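Participant: In this note's numbering, the protein residues as written are 1 to 98. Next up is a structure, given as structure tokens.
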Amino acid sequence: MAKKGIHQKYFDTKITCTTCGTEFMSGSTRGEEIKVDTCSSCHPFYTGNQQFANAAGRVERFKSKFNKKEEIAKQTASLSKAQKDLNKKMQKIKKKHP
């Protein structure tokens, strides 16, 4: 008999393949819905022919993260440039009016 309170919850899980769109039900402790890149319907090992998986989603996610970092770097660079310009102006004013 299993002890109470030490086991994970077990769900009837809907598994969705992002490449071919196939959906099937299985059991899992991970949650009620799982998305996988390839399944037995589209994996080359099972089908015998090669398909290109939908890697564009991963690439786009990476590019969006990278672009966000670049935008933040540009913003901080522009702020620091503005601060440098302000400091130069303040130094000029101090030289004119000691």
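All residues carry an ideal CB built from backbone N, CA and C; glycine is no exception. Please read all numbers here as calculations on a predicted model, not as lab measurements.
Would you call the stretch 4-14 and the stretch 28-46 in contact, with 3 or more CB pairs under 8 Å?
Facilitator: Segments in contact, yes.
Participant: Enumerate in chain order the residues of its own chain whose CB-to-CB distance from K35 is below 7 Å, with the five nearest sequence positions on each side excluded.
Facilitator: For this step, residue 35 is matched to residue 35 along the sequence shown. Taken in chain order, the residues that qualify are T16, T18.
Participant: Between which two residues does the beta strand (DSSP E) containing T47 stretch?
Facilitator: Along the sequence shown, one-based indexing puts residue 47 at 47. Unbroken run through T47 is the alpha helix (DSSP H), 44-47; no beta strand (DSSP E).
Participant: So, helix, strand or coil for K9, using DSSP?
Facilitator: As a position in the sequence shown, residue 9 is number 9, starting the count at 1. Reduced to three states, the DSSP call for K9 is coil.
Participant: Do you know whose CA, among G27, C39, I6, lies nearest C20's CA?
Facilitator: Taking the sequence shown and counting its residues from 1, one reaches residue 20 at position 20. Selected option, being the one with the closest Cα: C39.
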